[in-house]
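Reviewing the structure listed below.
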Amino acid sequence: MSVLKRKLYKKILEHRPRIAKILKEHGDEVIAEVTASQVIGGMRGIKSLLTDISYLDPDEGIRYRGYTLPEVLEKLPKPEGAEMPYVEGLYHLLLTGEIPTQEEVEEIIIDFNNRRMIPNYVWDVIDSFPSESHPMAILSAAVMSLQRESHFNVKYHEGISKMDYWSSTYEDATNLLAKMPLIGAYIYNKLYHPENGHRYPKPTCDLGGNFAYMMGKDKPYDDVARMYFIIHADHESGNVSAHTGHLVASSLSDIYYATSAMINGLAGPLHGLANQEVLRWLQGLKEQMGGEVPTEEEMKKYVWDTLNSGQVIPGYGHAVLRKTDPRYTVQREFCLKHLPDDPIFKYVDALYNVVPDILREHGKAKNPWPNVDAQSGVVQWHYGVKEYDFYTVLFSIGRAFGVLSNIVWDRALGFPLERPKSITTEMLEKMVGIKK
Ligand code: HAX
3 MSVLKRKLYK KILEHRPRIA KILKEHGDEV IAEVTASQVI GGMRGIKSLL
53 TDISYLDPDE GIRYRGYTLP EVLEKLPKPE GAEMPYVEGL YHLLLTGEIP
103 TQEEVEEIII DFNNRRMIPN YVWDVIDSFP SESHPMAILS AAVMSLQRES
153 HFNVKYHEGI SKMDYWSSTY EDATNLLAKM PLIGAYIYNK LYHPENGHRY
203 PKPTCDLGGN FAYMMGKDKP YDDVARMYFI IHADHESGNV SAHTGHLVAS
253 SLSDIYYATS AMINGLAGPL HGLANQEVLR WLQGLKEQMG GEVPTEEEMK
303 KYVWDTLNSG QVIPGYGHAV LRKTDPRYTV QREFCLKHLP DDPIFKYVDA
353 LYNVVPDILR EHGKAKNPWP NVDAQSGVVQ WHYGVKEYDF YTVLFSIGRA
403 FGVLSNIVWD RALGFPLERP KSITTEMLEK MVGIKK
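Take the sequence shown: its letters are residues 3 to 438, numbered as in this note's numbering.
Next up, the structure:
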C-alpha cells in the first residue's frame, strides 16, 4: 500500500466514528428549514450535502481542507524553479487534509506515472469522433470507454464488504486522474494541432510539466497548467459537476460512469462552459472595436446591449459567492505579473471596472462580481491555447481531483444512495396555504 493510501486509511478510521455518533445520537435533530422558493429555485442554499474536502464561504470564497487558495498555493511543495505547486500534492491535501512533504509528493508522482498507460481503444474512440465535435463530448466518451478497467466493479462482484469499497474506488480514482491529462492533451492535438503528433509524457516529470509538454507549450505553461488544475479542483459539493459525480456514484456506479457524468454537467454554459463564453463574448467586442481597447462608455454600452438582448454576462455572478471569486483574483495576479500588457487581459480588467455597477443597476443578479471563468480564458489565450472550446476540458481535469476525492470519501463513510423527495404543485400550494 502506498504511503498516501495508508495515510488515507488512517484518516478514514478516525473519521468513521464521528459520522456514526451523529447518526446514532443526533440523527433526528433538525438543522435547517426549506422554503417554497428553494424547492422551485434549484435547491439554492439547502444544507443537505456533507463534505470535509472544501467549504465555500459566500464572502471569502473557497477553502480546501481549511486552507484559502493563496495558502494552498504557498504551502504545497513546488517543483524546483516553479511558481505553482505540484498538482499531485493537491491530491494528497484533498484526500488526507494534510500538506504533504516533498518526499510524499515525489512518491505520488511515481505512482501517477505508473498508472498512466492508456489502452489503445481509448485513442480509437477519440479518433472516431468527427472533427467538429465538441471536445467535452469527446472527453466524456473517452472516460466512459475506460469503464471496463474499473477495479471497483470486479471487487463488487466478488462480494467485498461495504467497509472496503473505498479501497478499489481509490485505485480507480487514482488511475483515472493519472490518465486524464494525457487524454485531454491528445484531444487538443487531434482537433487543433495534429502537427504536435501523439506526445507521450516524460517518465520523470510531474503532471503540470508533462501536460505542458504534451500540449506542445513552453514554460511557463507548466505553471499555468498547475495553477489552472489546482484552482478549479473543488468548490464544495452542491455545484452541478461535483453534485452530479456524487449523485451518480451514490448508486455504486464506478468512477468512470461518475466522472463522465460530471463532465457532462460541467459542459453547460451556466457552469464550466462559461469560460469559453467569456472569450467568445470578448472577441465579439474586440471585433466591434476593430481591435482597439474600448472607452469606458463603449464598454458599458456593450454590456448593456448584452443584457438588453436577454443574455447573461458570462463570467459574472454566482449561486453562492457574494464577493469577487478568489479564483479570479489568483489568476488576475498571475496576469498582472506575467502578461500585464496582453490586450485581452486589458479588456477583462476594463470590464471589472464597469460590470459590477451595471449588474447592480440591472437589479437581477444577486452577485455582481466576477467568478473564476472571467479570467481563465485570458491566461490560456495568452499562452497560445486559443481554441476556446477546449477550455472546459482543462476545467474538467482540475475538477476531477475534487470530485473523485469526494467519491472516495463517500464510499469510505458509507454514504447511501441519494434520494431526495419530490412533491407536486398541488401539495406545495397546500403547504403554503393556497386554497383552491
Ligand atoms: N448576467 C446577467 N444576469 C445574471 C447574471 C449575469 N452574469 N447572473 C445572474 N443573473 C440573473 C439570473 O439569470 C437570474 O435572472 P432571472 O431571475 O431572470 O432568471 C437573476 O439574475 C438571479 O440569479 P442569481 O440568483 O443571482 O444567480 P443564480 O444562482 O440563479 O445563477 C449563475 C448563478 C452563475 C448561473 C449566474 O450568475 C450566471 O448565469 N452567470 C453567468 C454565467 C457564468 O459565469 N457561469 C459560471 C459560474 C461559475 C461556475 O460555476 N463556473 O463553472
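Cβ atoms here follow ideal geometry from the backbone N, Cα and C, with glycine treated the same way.
Is the beta carbon of L96 closer than 8 Å to that of I55? yes
Kindly identify the DSSP beta-bridge partner or partners of I425. According to DSSP, which records beta bridges pairwise, I425 is partnered with nothing at all.
With DSSP run on the structure shown, which of helix, strand or coil describes G63? strand
Rounded to whole angstroms, what is the Cα-Cα separation between L75 and I425? 45 Å
Proximity below 8 Å, CB of T246 to CB of A263: yes
Determine the DSSP secondary structure at S4, reduced to helix, strand or coil. coil
Do you know whose CA, among Y393, P422, G312, lies nearest H234's CA? Y393
So is the beta-carbon of Y318 under 7 Å away from any non-hydrogen atom of ligand 1? yes
Is A235 close to ligand 1? I mean its beta-carbon at under 7 Å from any heavy atom of the ligand. no
Host alpha helix (DSSP H) of C337 (start-end): 328–340
With N115 and P60 assumed to form a contact (beta carbons below 8 Å), what rounded beta-carbon distance in angstroms separates them? Not really, about 39 Å apart at Cβ, beyond 8 Å.
Looking at the strands, I want to know which residues DSSP matches up with P372. Y318
Have a look at D343, V350, K325 and flag the residue whose alpha-carbon is nearest the alpha-carbon of N369. K325
Between K164 and the rest of its own chain, which residues show a CB-CB distance below 8 Å, the 5 nearest in sequence each way excluded? G416
What does a CB cutoff of less than 7 Å around K219 pick up in its chain, not counting 5 residues either side in sequence? Y385, G386
Three-state class that DSSP yields for G39 in the structure shown: A small correction: the amino acid at residue 39 is Ser; Gly does not occupy that position in the sequence shown. It is helical.
Below 7 Å CB to CB, which residues in the same chain sit around V395 once its five sequence neighbours on both sides are set aside? P137, M138, L141, G186, I189
By DSSP, does S56 sit in helix, in strand, or in coil? strand
Sequence-distant residues of the same chain with beta carbon closer than 8 Å to E300, five excluded per side: M291
Rounded C-alpha distance that separates D412 from I112: 26 Å
Opposite T70 in the DSSP bridges: which residues? R65
Under a three-way DSSP split, which group does L396 fall into? helix
Can you give, in chain order, each stretch of the alpha helix (DSSP H) that sits fully within the stretch 95–158 and has at least 4 residues? 104–116, 122–129, 137–147
Would the beta-carbon of L406 fall within 8 Å of that of L179? yes
From N198 to P418, what distance separates their C-alpha atoms? 45 Å
Based on Cα-Cα distance, which residue from A175, Y158, K438 lies nearest to L148? A175
Could you name the residues of the same chain whose beta carbon sits closer than 6 Å to that of N177, not counting the 5 residues immediately before and after it, in chain order? R117
Using only the alpha-carbon positions, how far apart do F397 and I42 sit? 29 Å
Option in I120, G312, K80 with minimal Cα separation from S104: It should be noted that the sequence gives Gln, not Ser, for residue 104. For the residues I120, G312, K80, the minimum Cα distance to Q104 belongs to K80.
Along the chain, where does the alpha helix (DSSP H) containing D351 start, and where does it finish? 345–364
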